[in-house]
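Using UniProt numbering, the first residue of the sequence shown is number 1, and each one after it goes up by one. Below: one structure, written as structure tokens.
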Amino acid sequence: MTEQKDTLLTRPSWIEIDLGAIQENAQSIMAHAGAKRLIAVVKADG
């Protein structure tokens, strides 16, 4: 039996983060939620 390499682990990947959008979203949530703590969560599909 031949060994197969998992291409999912070797393909290139990148992430682009719009910090301005995150800031606007956080400010909007905090404006609606009042004096509450905001906790960020990072989710990955896969």
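No residue lacks a Cβ here, since even glycine has one placed at the ideal position from N, Cα and C.
Three-state secondary structure (DSSP) at residue i?
i, result
"residue 22", "helix"
"residue 31", "helix"
Quick one: measure Cβ to Cβ for residue i and residue j, integer angstroms, because I've assumed they're closer than 8 Å.
i, j, result
"residue 29", "residue 19", "With 8 Å as the limit, residue 29 and residue 19 do not qualify as a contact, their Cβ atoms being about 16 Å apart."
Comparing alpha-carbon positions, which option in the options lies nearest residue i?
i, options, result
"residue 36", "27, 14 and 21", "27"
Do you know how far the Cα of residue j is from the Cα of residue i?
i, j, result
"residue 12", "residue 23", "28 Å"
"residue 41", "residue 10", "26 Å"
"residue 33", "residue 17", "24 Å"
"residue 21", "residue 31", "15 Å"
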